[in-house]
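Below you'll find the structure, written out as structure tokens, and then a few comments.
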Amino acid sequence: MAGQAFDGPLEPAGECRYRIPKSYKPGMRVDGLIYADEQLIEKIRADNAPEQVANVATLPGIQKASLAMPDIHWGYGFPIGGVAATDPAEGGVVSPGGVGYDINCGVRMVRSDLTLADVAPRIEQIVTTIFQTVPCGVGVGGREALATSEMRRLLREGAAYVVRRGRGWDEDLEYTEARGCLDGADPDAVSKRAQERGKKQVGSLGAGNHFLEVQVVDKVFDPKTAEAFGVAEGAVTFMIHCGSRGFGHQVCDDSLKTMRGAARKYGFDLPDQQLCCAPVESDEGRRYLGAMRAAANYAWANRQAVMVLVREAVGRVFGKPAERLGLRLVYDVAHNIAKIETHTVDGRQRPLCVHRKGATRAFPAGHPEVPEAYRGVGQPVLIPGDMGRYSFLLVGLPAAMDETFGSVCHGAGRAMSRTQARRTVRGEQVRSDLAAKGIVAISRSWKGLAEEYSGAYKDVARVVDVVERAGLARRVCRLRPLGVVKG
Amino acid sequence: MPEIVATPLIILHVEKPFSRQGDRYNRYTMGGLSGGGAMGTFEVFDHTADIGLEVRGRDLADLLETAARATFEQMLEDLPDEVEAIEQVRAVPMEGFEDDAGELLVVWLQELLYRFETGKLVPLTFDLEMCGPREVRASVGFGRFDPDRHRTHTEIKAVTYHDLQVHQEADGSWSARFVLDV
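Chains as they are written, first to last, in this note's numbering: chain A, -4 to 482; chain B, 4 to 185.
This is the structure we're talking about:
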């Protein structure tokens, strides 16, 4: 479990790469490969997450390596920051633990024509208006409840369902991973309980580490790519981080029950019961993927609905419609998901089941799934940091496709526990510290604010530095928070 | 780039001093299988991204009641003032895990969390009419959560199976250790 240091081998394997050889543990089918620098790898070792990387390497059908990003930390079964691809044709499995409870938790970034000079005098009003417009916090659902038939449509159609109801623009779908909809979502594979939990929560942020931020581009590293993404230094942007709410949590809960039985049925000898899984090509595997895709679509619909509320709030503050403020979606990308994608292994293209748990898709220039407007530069990769420092916009590179199934990190990763953070600082202090840095924060919970304070997280700059040095993605720009809304 | 000086604002709807952990439920406890209200205790233990709970009860019913109290105290700073409805809650472990006390604890908490999320119902009083190993049946008094009146803490995504331990001690009391995904 977390807390016990990993005492196994972590062999240097090139720039920012450490290998756990498959000889480390009986049952490992491939090596483990962790992307980190000298400092991060010591923190990673202390967390014992490498043991989980080795455990994932035992999964049937796993290809190339069990991978972990520099923001890796201990998770349930799979580590957070883990990437694993399995080949269904070789009996490859799908595991709910490789996706996580918050299915398709992800990040959405909106750009604007507004500058710092426009926003600075009104930042408090902007943040307050967003807070009052977007439902957020514990036990707070969306503005309306969906009927069962509507819910089923939403689960099949994802973000497009919301756009078709007049909430958003057609171009929003173009700039959403998978156009905001995974084919093969199966509402019949979703329990009634999940549907009931989901009906009242579309268009709500939630709580915990989910947030809405008003940000400013304070540093541009790659002007050409930044221009392609429509951002420039001094421009104001908005970042939304949330997922599939109680719907996804219930789908995960339900599937864990099924998969615990399946692991027994298929005779898998798993080093950790939380790696429970089933072959992709099995009734249990297909059922989980059908339900998980429904949850992924729910999350894209949710972020679409939340974004529209942000557009409305900002439009109200400036007395102009969102179109005239240029509040256009840069990109929306998932970081908790399993997808069937085509990748090249041993010189042969194959459909693989790619698990990204706390990892972000980062496809390079030229990939057909990158929006046409960005295809010359690559896919935008959104990496939130913490509310006191910065976040980053990266772009995917070919090495990610070659080595990590087109994946990179997803954030900073916690440096201290929630209870430790609360012992260290009070919410009121966090608020005034942020104010001293010119950041306006609104939260429903003092405790929640304390738990999310900047010092509780690792420095995300170090994480993206590793990703860049490893050649997986390149920094495009840095985003500094101006205002923060927490649930 | 100009510096922004802005007055920060936190909107909290109820301004009350924080309650001491574990105190808030005391006035709601009432009789049941435990015979006179929960006597159990709980502690929060460190877990990097989530919340760990260690719970002790004088019997299994007391353990389950205390675990429920502990879980809701992680979510809510304030509890509803009064019981609005008493509902029957039944939790049954899945097939193949019928005699697993850990599974019983998980499904019991899942039942209560489901009612909170779909109906804003907060369990305040517990009368455990039947308790394990294959079933929990309880009359639970629920109050209604109002986000405009009740301060909150954090959302619980799930009760996990990680490091899940439930067992009976030599003196007949029960203890549990589990992690909430938040």
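All residues carry an ideal CB built from backbone N, CA and C; glycine is no exception.
Using alpha carbons as the reference points, say which of the options lies closest to residue i.
i: LEU124(B); options: ILE159(B), PHE145(B), PHE48(B); result: PHE145(B)
i: VAL78(A); options: LYS59(A), ALA84(A), TYR96(A), GLU85(A); result: LYS59(A)
i: GLY135(B); options: ASP151(B), LEU108(B), LEU56(B); result: LEU108(B)
i: ARG174(A); options: ARG259(A), ARG24(A), GLY193(A), ALA296(A); result: ALA296(A)
i: LYS488(A); options: CYS131(A), ARG159(A), ALA357(A), ARG255(A); result: Residue 488(A) is absent from the structure shown; chain A starts at -4 and stops at 482.
i: ALA328(A); options: GLU33(A), TRP164(A), VAL158(A), TYR170(A); result: In the sequence as displayed, the identity of residue 328(A) is Val instead of Ala. Measuring from the Cα of VAL328(A), the nearest candidate turns out to be TYR170(A).
i: LEU150(A); options: HIS350(A), ALA286(A), ARG192(A); result: ALA286(A)
i: ASP397(A); options: PRO45(A), PRO359(A), GLY408(A), GLU152(A); result: PRO359(A)
i: GLU145(A); options: VAL135(A), SER18(A), VAL309(A), ARG159(A); result: ARG159(A)
i: LYS20(A); options: LEU54(A), CYS11(A), ASP42(A); result: LEU54(A)
i: PRO83(B); options: VAL143(B), ILE89(B), ARG152(B), ALA173(B); result: ARG152(B)
i: ALA8(A); options: TRP441(A), VAL305(A), PRO16(A); result: PRO16(A)
i: ALA173(B); options: ARG61(B), GLU76(B), ASP53(B); result: ARG61(B)
i: ARG130(B); options: ILE89(B), THR163(B), GLN113(B), THR74(B); result: The sequence given here has Asp at residue 130(B), not Arg. When only C-alpha atoms are compared, the closest one is ILE89(B).
i: ALA290(A); options: ASP249(A), ASP278(A), ALA308(A), VAL325(A); result: ASP249(A)
i: SER438(A); options: GLU138(B), PRO150(B), PHE45(B); result: PRO150(B)
i: LEU28(A); options: GLU10(A), GLY22(A), GLN34(A), ALA41(A); result: GLU10(A)
i: ARG148(A); options: SER107(A), ASN292(A), GLU6(A), GLY198(A); result: ASN292(A)
i: MET97(B); options: VAL471(A), VAL157(A), GLY256(A), LEU388(A); result: GLY256(A)
i: LEU35(A); options: PRO65(A), GLY22(A), ASN43(A); result: PRO65(A)
i: TRP441(A); options: GLY433(A), VAL480(A), GLY408(A), ARG409(A); result: VAL480(A)
i: ASN204(A); options: THR51(B), THR74(B), ALA73(B), GLY175(B); result: THR51(B)
i: ARG93(B); options: THR74(B), GLN113(B), GLU80(B); result: GLN113(B)
Kindly indicate which three-state DSSP category residue i falls into: helix, strand or coil?
i: HIS170(B); result: strand
i: ALA460(A); result: The question names Ala, yet the displayed sequence has Asp at residue 460(A). It is helical.
i: LYS187(A); result: helix
i: ARG152(B); result: coil
i: GLU46(B); result: strand
i: ASN331(A); result: strand
i: GLU132(B); result: strand
i: ALA31(A); result: coil
i: PHE216(A); result: coil
i: GLU90(B); result: strand
i: ARG14(A); result: strand
i: ILE36(A); result: helix
i: VAL122(A); result: helix
i: CYS472(A); result: strand
i: LYS194(A); result: helix
i: LYS453(A); result: coil
To which residues does DSSP link residue i through a beta bridge?
i: VAL403(A); result: THR355(A)
i: MET234(A); result: MET104(A), GLU208(A)
i: PRO529(A); result: An answer regarding residue 529(A) cannot be provided, because it is not within the stretch -4 to 482 covered by chain A.
i: THR81(A); result: ILE57(A), CYS348(A)
i: ASP26(A); result: ALA60(A)
i: GLY55(B); result: PHE48(B), VAL182(B)
i: HIS68(A); result: ILE75(A)
i: PRO126(B); result: PHE145(B)
i: LEU79(B); result: THR155(B)
i: PRO7(A); result: TYR13(A)
i: GLU336(A); result: LEU347(A)
Give every residue of the same chain whose Cβ lies closer than 8 angstroms to the Cβ of residue i, excluding the five residues on either side of it in the sequence, and list them in chain order.
i: MET78(B); result: PHE119, THR155, HIS156, THR157, GLU158, ILE159
i: THR483(A); result: In the structure as shown, chain A begins at -4 and stops at 482. Residue 483(A) is therefore absent and cannot be evaluated.
i: VAL459(A); result: ILE378, PHE387, LEU389, CYS404, ALA468, ARG470
Leaving out five residues on either side along the sequence, give the residues of the same chain with a beta carbon under 7 angstroms from the beta carbon of residue i.
i: THR399(A); result: LEU62, VAL78, LEU467
i: ALA179(B); result: VAL58, LEU66, ALA70, LEU108, GLN168, VAL169
i: GLY101(A); result: GLY238, ALA294, ARG298, ASP327, VAL328, ALA329, HIS330
i: ALA445(A); result: ALA416, ARG417, VAL420, ARG421, GLY422, VAL425
i: GLU222(A); result: none
i: GLY38(B); result: Residue placement at GLY38(B) cannot be trusted, given a pLDDT of 40 that sits under 50; the coordinates are not used to answer.
i: ARG475(A); result: GLN210, VAL211, ASP213, TYR385
i: ALA31(A); result: CYS11, TYR13, ILE39, PRO65, VAL461
i: PRO182(A); result: ARG147, LEU150, ARG151, ALA289
Might you give, ordered along the chain, the residues of its own chain that have their beta carbon closer than 6 angstroms to the beta carbon of residue i, omitting 5 neighbours on each side?
i: GLU46(A); result: PHE1
i: GLY55(B); result: PHE48, VAL182
i: VAL185(B); result: ASP53, ILE54, THR157, ILE159
i: ARG282(A); result: ALA184
i: GLU166(A); result: none
i: VAL95(B); result: GLU138
Count the C-beta pairs between the stretch 94 to 106 of chain B and the stretch 113 to 133 of chain A that are closer than 8 angstroms, then say yes if the count reaches three, no if not.
Note that the stretch 94 to 106 of chain B does not touch the stretch 113 to 133 of chain A; fewer than 3 beta-carbon pairs, one per stretch, sit closer than 8 angstroms.
Margin query: When you compare the stretch 215 to 227 of chain A with the stretch 92 to 100 of chain A, are there three or more beta-carbon pairs, one atom per stretch, that lie closer than 8 angstroms?
Written below: No: fewer than three Cβ pairs fall under 8 angstroms.
Pairs of beta-carbons, one from the stretch 172 to 190 of chain A and one from the stretch 233 to 249 of chain A, closer than 8 angstroms: are there three or more? The stretch 172 to 190 of chain A is in contact with the stretch 233 to 249 of chain A.
So does the stretch 374 to 394 of chain A actually touch the stretch 453 to 464 of chain A, counting three or more Cβ pairs closer than 8 angstroms? Verdict: yes, contact present.
Next on the checklist: Across the stretch 344 to 360 of chain A and the stretch 402 to 409 of chain A, are there enough close Cβ pairs to call them in contact, namely three or more that are closer than 8 angstroms?
Outcome noted: Verdict: yes, contact present.
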